[in-house]
Every structure is written in structure tokens, then in C-alpha cells.
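Enquirer:
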Amino acid sequence: MPDNHNLKELVSAVAARKAEFADLIVALAPDLSSQAILPTELALELSTALHDLEERATGHDPLYKLVNDHTAPALALNESGQVVALNAGAAQLFDMRSGDGLVALGISPEAFHQFKERLATAQGPTLLKAYRKGSDEHALPLILVGMYHQKLKTFVLNALQQHWPESIDLAFAGVFGLSASERHILALLSRGCSSEEIAEERGSSVTTVRQQIKSLLQKLGAKSQVQAATMAASAATAMDTVTTKGDLLSVHYDDYPMSIHELFREQRRIGWRRFGKPGGRPVLFLHGPSFGAGDFPDERRLAAQFGLDIIAVERAGYGRTEPSDKTEDPLESQCHDILAVLGSLSISKVTILSHEVALIPALALMQHSGIQINGVVSVSAAPPFKELEQINAMPAHQAIFIQAARHAPWLARLLIRLLILRMRKLGPEQWPKVIFEGVEPDEHLIRKNSLKQGVVAAYGFYVNQLGAGYLEDLRIMIQDWGHLLETPNLPLTLIHGSHNASTPLSHLNIFRGINPDIPIELVEGEGLTLAVSQTERIYKTLATIADSRNCRLANEH
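The UniProt record's numbering puts the sequence shown at residues 1 to 557.
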């Protein structure tokens, strides 16, 4: 067993990217003979070292610092309206967690759009009204004071507990439709003025003021003057604690919505997302470990443009979907999760888009009755790992995880925890380096400013469950799933970059060896990142497959 002090130093060095994963494996080599059991003393030392590192990394995470620097409830939303970070106060107030969407806040897409319009019109904080879960139609809304953080493409919202500036005054007009007179009356109410005092201040009759207050209460959804005054005072108080005006949102902000949903299957929460054209051609989107699930604006824009209704199921361990029970086959569990989501929507026929490892559950779904699949468009998939040479050909910092999973589950879990530590240290803008550093053309492309919003949004998607999703993926990747490719007339199209370093072109012959009829479309000069650089091509292919299938069915009848 390695010296405990040296082991802790080595774990820290790997997390800080000053040593390689392989160095740690060499140090642990004497204990690698076991496939499942880690010596107790070694497990304790590793766990202690990792816990200390994880606490420090979380404290320095810039996304989480945005909300954890507040003592009152605070949360951060990405531009599509998904919660990417929240502090304990917000989690308790709204009974929600990272990964939830506007629905959990009781905020409509229209209200969120108007909120963004105000932030794009005038610099400074503005208002957004939210509601707790289970609130009835007469419930008093909670006022959130929001601003835009341009660097992280994120909206920071504070629910805080009295003078307000022009931006807040305009927000009361925009959010609640209050006239200038009503806003003046509201300001006086928040100072504790009575109807008589307000009438004297404004030079109006008490009857007129009372009628204006009645109209004001209706617009605010308040039951009494006390409630209205409390709302106004809360918004004003918020301004005393806000230390920055925030950034001006670009007038070209992303406004292609994505709704966030969930359901429960056997007490397990399954998260899913929907974007594109409601009621359009149904497409099941099965994400891989690299590019989120609809987090890039171009995906949402092109889905709407091509008339695709995208159902993106968050696979086990990613986003909010909890990992399967260790006694359950992970592939079967994913299939049942997906079927549960489609069943809740009464969707029985879909075209599938899969990224990378998600080809495996896509193919497994074809073995299930109750679902018709028009076709599968698979982007950057790797064939079954039949030979060690396939793994050795991959970039070392990618291959090490497959090697670990093949050897022992505990080693894979250890490396994934270190991977998440690296991601946290790099932060929401730079985290793709853990995948693409030193790999071209991917490293250059993923740094493009046009992809920044998606990169930041996907960050929370992966760290939310501390890498549990990647561990689930490794469990299904190391199985022999080649038989799923043997179906005659398999409706599968592979799209692959000619410069994909993870799966070189020669390895695509494994697909052809199993099923010679599988079409492979090569995209010159592209790597693994073609999933986000060639979105239009991919979505056009999806639309074509859905249309040709519908035409064929129409001709048959």
C-alpha cells in the first residue's frame, strides 16, 4: 500500500492537473488485484482526501459563488430558464433542486420572456414574480430581484426581504401592469401610509384613492393592503443588498424555450426536457456525456425551424434522473425510464437522435414492444470494445476511464470523482478541457463564443450528481452489445467526423463487420464536436427520416 501522506498528495496533484490519472493507478497497482474490494485503510484515506478537495472545489466554483454568497434565498438560471445553481435558502423556499425549470418557480415562459426583454432594454436589476409549489390561484407571489451575469450567461435571482430605483419602478409596471399613479400609491403603502394620508399626499379624494388601491390589489394578486405593502417593501429592501447592477443582456439573446419536466418511476425521479415545435415530428433525444441535452441554443432554434418536437430524456445519473439500483441492469433500466416518459406523453412512434454512448440504449429500445422507431441518427458513436487496441488508440485521458471500469468498479468511481474535481476547478466556462484538451479540432471549436451558453449550461448537468451518469455509461459500454447491431434492415444512420480522435475511422470497420448494411456518413475535418458544429445537418437528417417514414406509411394505406 502506498504511503498515506504521499497518496493524499498524489490525489491532490491529479485533481489539480499536476499529475496524470495513470500516475495514481501506478501508485495503487499493488491493490489493483481485487475486482471489487478496496482495502479498508486505503479506502478511508482516499475518501478523506477526496472529501477535503471536493469541499474546497465547491467553495471556489464561480457558478455556485453567485448564489452562495447570499444569506437570503438566491438562485441562478441559464438563458433557457433552467436552474443551474441555488443556495440552501432557495432550495427550501421553493422545494426544488438544480436542474429544475421555470415550472418549479411558477414562472410562465411569457413572464420569463418579458423579464429578459427588460434586462435587454435597461441596465439594472428588475423583477420577476414566482410562486411556491402547491400555491393556489389566490396565493401571494414571491418577488425575485434579477440581474444578468454576462460572463457566465446566467441570470441571478434573489428573493430578499425597503426607496426603489427607476429600474424597479419600471419592473412593477412591466410585471404587474401598474400605472404611474398605482406605483406611487404602492410606494406610499410600503411606507405605512393610510388611505387618508395617501389622498392628502396626492391631492385626491379618499374615495378615488380607495378605488385605485382596489385596482392595485387585483393586479398584484394581493388580498389586503398589508400584503401589497409587504410585497413592495420586499422588493425595495432587495435593492439595499444588491451590490451590482448586473450586465445588460444582448438584444440578440436566446429566446428559444425549453421546458423542464419530471416524473417518478418506482420512486426514482426521471428528468426530461422538451423543445422545438410542440406537436411537430416527435424526436427522442438521447444525450451522451459531452454536450448536454438541448443546452445549446442552436439545437432549440433548429428544432423549431425543422418542425421537430424534441423529447430529451435525462439519462440515469445526469441532470435530475437518479441512477438505477445496482441490482438492476442499467441498460434495461434506461429503456424503462425512456418508455415511461414517452408513455406519459402518449407518444408511440419516434425518430431517435443519439449522441455517443447513447446509441446503446437507442438500439436496446428497438427490442421493446409498444414503441415504433422510424430510424436512429447516431452521432459520434463508438463501436463495441472488442479489442484492447481500440482503447489504446483513444486519447489517454479518455481511455483511462474505460480501462478502470474494465478492471474494478471502485477504481472507476475514484477516477470519476477526480474528474468532477477537475471540472469544478476549471469552472463552468473551461470544464470541456477535461475531455478535449490537446485534441483537435475539438479543443479549438468548443472554445468558440457562440457555444459558450451551451457549455455553461451543460456544466451543471454533469456535476449535479457528481459524475454518476458517466459511471452508468461505463457500466453499459464495457458490456458486449454487438448483438444489438445485428438486426436486418436496421434503421440506423451513423454520422461521424473524419478527425474523431476518440473513435478513429479504422474502428468504424467494426460496425461494418457486424452489420455491413449500416450507412456511415463521414463529415470531413470534424471531430467529436460535430454534435454541436453540424447541428443543422443532423436536424435536417432527422426531419428527412421522419418525413420519408410518414410518406411510406401513407402510400401503404
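Ideal Cβ positions, reconstructed from N, Cα and C, are used throughout, including at glycine.
How many whole angstroms separate the CB atoms of Gly146 and Leu157, which I take to be in contact at a CB cut-off of 8 Å?
Expert: Residue numbering aside, residue 146 sits at position 146 when the sequence shown is read from its first letter. Residue numbering aside, residue 157 sits at position 157 when the sequence shown is read from its first letter. About 4 Å separates the two Cβ atoms, so the contact holds.
Enquirer: Going by other Cβ atoms of all chains shown within 10 Å of its Cβ, with 16 needed for buried, is Thr207 buried or exposed?
Expert: Here the question's residue 207 lines up with position 207 in the sequence shown. Thr207 is exposed by the Cβ-count criterion.
Enquirer: Ignore the nearest five residues each way along the sequence and tell me which others in Ala393's own chain have a CB closer than 6 Å to its CB.
Expert: Here residue 393 refers to the residue found at position 393 when the sequence shown is read from its first residue. Pro504.
Enquirer: Name the two residues that bound the continuous alpha helix (DSSP H) containing Gly271.
Expert: Working through the sequence shown from its first residue, we reach residue 271 at position 271. Element bounds for Gly271: not the alpha helix (DSSP H) but the beta strand (DSSP E), 268-276.
Enquirer: Can you list, in chain order, the residues of its chain with a C-beta nearer than 6 Å to that of Phe511? Leave out the 5 residues immediately preceding and following it.
Expert: Along the sequence shown, read from residue 1 onward, the residue named residue 511 stands at position 511. Shown here for Phe511: same chain residues with a beta carbon closer than 6 Å to its own, the five before and five after excluded, namely Pro383, Ile518 in chain order.
Enquirer: With Arg422 and Arg17 assumed to form a contact (beta carbons below 8 Å), what rounded beta-carbon distance in angstroms separates them?
Expert: Mapped onto the sequence shown, residue 422 falls at position 422. Mapped onto the sequence shown, residue 17 falls at position 17. About 6 Å separates the two Cβ atoms, so the contact holds.
Enquirer: Around the Cβ of Gly99, are there at least 16 other Cβ atoms within 10 angstroms (buried) or fewer (exposed)?
Expert: Along the sequence shown, one-based indexing puts residue 99 at 99. With 16 or more Cβ atoms within 10 Å of its Cβ, Gly99 is classed as buried.
Enquirer: Within the same chain, show all residues whose beta-carbon is closer than 6 Å to that of Glu536, passing over the 5 residues directly before and after it, in chain order.
Expert: Taking the first residue of the sequence shown as 1, we reach residue 536 at position 536. Listed in chain order, the non-local C-beta contacts of Glu536 below 6 Å within the same chain comprise Leu302, local neighbours out to five positions each way being set aside.
Enquirer: From the DSSP secondary-structure annotation, give me the bridge partner or partners of Pro282.
Expert: Start at 1 with the first residue of the sequence shown, and residue 282 comes out as number 282. Paired residues: Asp309.
Enquirer: For residue 561, which option in Arg202, Leu119, Trp481, Gly177 has the closest C-alpha, if you only look at C-alpha atoms?
Expert: Outside the shown range of the chain, which is 1 to 557, sits residue 561, and nothing can be said about it.
Enquirer: In angstroms with no decimal places, state the Cα-to-Cα distance between Gly279 and Ser181.
Expert: Counting from one through the sequence shown, the residue named residue 279 turns up at place 279. Counting from one through the sequence shown, the residue named residue 181 turns up at place 181. Distance between the alpha carbons of Gly279 and Ser181: 44 Å.
Enquirer: Assign Ala546 to buried or exposed, taking buried as 16 or more other Cβ atoms, counted over all protein chains shown, within 10 Å of its Cβ.
Expert: As a first step, residue 546 must be located in the sequence shown, where it is residue number 546. Label assigned to Ala546: buried.
Enquirer: Is the Cβ-Cβ distance between Ile371 and Leu414 less than 8 Å?
Expert: Taking the first residue of the sequence shown as position 1, residue 371 is located at position 371. Taking the first residue of the sequence shown as position 1, residue 414 is located at position 414. Not a contact, by the Cβ cut-off of 8 Å.
Enquirer: So, using beta-carbon positions, are Leu484 and His496 closer together than 8 Å?
Expert: To locate residue 484, count along the sequence shown from 1; it is residue 484. To locate residue 496, count along the sequence shown from 1; it is residue 496. No, Cβ-Cβ distance for Leu484 and His496 is not below 8 Å.
Enquirer: Indicate the three-state DSSP secondary structure (helix, strand or coil) for Tyr462 in the structure shown.
Expert: Translated into positions along the sequence shown, residue 462 becomes position 462. Helix at Tyr462.
Enquirer: What is the DSSP secondary structure of Leu7, reduced to helix, strand or coil?
Expert: Here residue 7 corresponds to residue number 7 of the sequence shown, with the count starting at 1. Reduced to three states, the DSSP call for Leu7 is helix.
Enquirer: When you compare the region 53-64 with the region 425-432, are there three or more beta-carbon pairs, one atom per stretch, that lie closer than 8 Å?
Expert: yes
Enquirer: Hey, out of Ser47, Gly288, Gly89, Gln227, whose CA is closest to Thr529's CA?
Expert: Taking the sequence shown and counting its residues from 1, the one referred to as residue 529 is at position 529. Closest option to Thr529, Cα to Cα, is Gly288.
Enquirer: Indicate whether Ala362 and Leu286 have their beta-carbon atoms separated by less than 8 Å.
Expert: The residue given as residue 362 occupies position 362 in the sequence shown. The residue given as residue 286 occupies position 286 in the sequence shown. It is a contact, given that the beta carbons lie within the stated cut-off.
Enquirer: For a minimum of 4 consecutive residues, which ranges assigned as the alpha helix (DSSP H) are wholly contained in the region 351-398?
Expert: 359-365, 388-392
Enquirer: At what residue ranges does the region 83-129 contain a whole run of the beta strand (DSSP E), taking only runs of 3 or more?
Expert: 83-86
Enquirer: Kindly list the residues whose CB is nearer than 8 Å to the CB of Asp136, restricted to its own chain and excluding five residues on each side of it in sequence; keep chain order.
Expert: Here residue 136 refers to the residue found at position 136 when the sequence shown is read from its first residue. None.
Enquirer: Can you tell me whether Ala501 is helix, strand or coil according to DSSP?
Expert: Position 501 of the sequence shown, counted from the first residue, corresponds to residue 501. Residue state, collapsed to three classes: coil.
Enquirer: Measuring straight from C-alpha to C-alpha, what distance separates Glu472 and Val357?
Expert: As a working mapping, residue 472 is identified with position 472 in the sequence shown. As a working mapping, residue 357 is identified with position 357 in the sequence shown. Answer to the nearest angstrom: the Cα atoms are 11 Å apart.
Enquirer: Smallest Cα separation from Leu263: which of Ala228, Arg320, Asp247?
Expert: Sequence index remark: in the sequence shown, residue 263 carries index 263 (1-based). Here the closest residue by C-alpha is Arg320.
Enquirer: For Arg273 versus Ala312, is the C-beta distance shorter than 8 Å?
Expert: As a first step, residue 273 is located in the sequence shown; it is residue number 273 there, counting from the start. As a first step, residue 312 is located in the sequence shown; it is residue number 312 there, counting from the start. Yes, the pair counts as a contact, with Cβ atoms nearer than the cut-off.
Enquirer: For Ala229, I'd like the list of residues in its chain whose CB is within less than 6 Å of its CB, leaving aside the five on either flank, ordered along the chain.
Expert: Position 229 of the sequence shown, counted from the first residue, corresponds to residue 229. Spatial neighbours of Ala229 in its own chain (CB-CB distance under 6 Å, excluding positions within 5 residues in sequence) are listed in chain order as Leu189, Ser190.
Enquirer: Beta strand (DSSP E) containing residue 612: first to last residue?
Expert: No answer is possible for residue 612: the residues shown for the chain start at 1 and end at 557.
Enquirer: Under the rule that 16 or more other beta-carbon atoms within 10 Å means buried, what is Glu526, buried or exposed?
Expert: Residue mapping note: residue 526 aligns to position 526 of the sequence shown, counting from 1. Classification for Glu526: buried.
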